[in-house]
Each structure stands twice: as structure tokens, then as C-alpha cells.
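Numbering (the working numbering), first residue to last: 134 to 201.
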């Protein structure tokens, strides 16, 4: 059986939409490194449409992920 790890950026007020607009002051280099380590250690990543489109525009999504 596999583990399911859910990762989400949520403010104390419960805001979770458009994190690029508010997370900048809190998501420092250490947070980025920790998030990347979790991502690289995973076997798969389930994304919503907006996240997928964002990653695809920035060259993060490769054919190996898109066809999985």
C-alpha cells in the first residue's frame, strides 16, 4: 500500500487560492528546498488543472509526467 501525502499552502485565515499573490513573505529558500525534496521523493503527483498549466508553462512538466 502507498502513502498519500497532501501538501497545500493555506494562510491562517484559510486562504488557499492563488498562493503566488500572498505566500512570498513566508515561503523562503528553506521552504522551497523542503517542498522540492518531498516532491522528488514521490512516485507521482496529482495536480489540478491550474497547477498543471502553470507547471507546463514554466517547463516543469515533461512528457514522462504528462503521459503517466
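C-beta atoms are modelled at their ideal positions from N, C-alpha and C, and glycine is treated no differently. Note that this is a predicted model, so its numbers are computed, not measured.
Cβ-based neighbour list, residue i, same chain, cut-off 6 Å, excluding 5 preceding and 5 following
i           : result
residue 174 : none
Residue i to residue j span [Cα, whole Å]
i           : j           : result
residue 153 : residue 138 : 22 Å
residue 146 : residue 176 : 32 Å
residue 150 : residue 144 : 10 Å
residue 156 : residue 142 : 8 Å
residue 169 : residue 184 : 15 Å
residue 182 : residue 192 : 15 Å
Close beta carbons around residue i, own chain, < 8 Å, minus the five adjacent residues each side
i           : result
residue 135 : 176
residue 180 : 188
residue 148 : 155
Residue i - containing alpha helix (DSSP H), residue span
i           : result
residue 177 : No alpha helix (DSSP H) holds residue 177; DSSP gives it neither H nor E.
residue 153 : Looking at the DSSP string, residue 153 is not in any alpha helix (DSSP H), and its letter there is neither H nor E.
residue 168 : 162–173
Neighbourhood of residue i by C-beta distance below 7 Å, restricted to the same chain and skipping five residues each side
i           : result
residue 172 : 178
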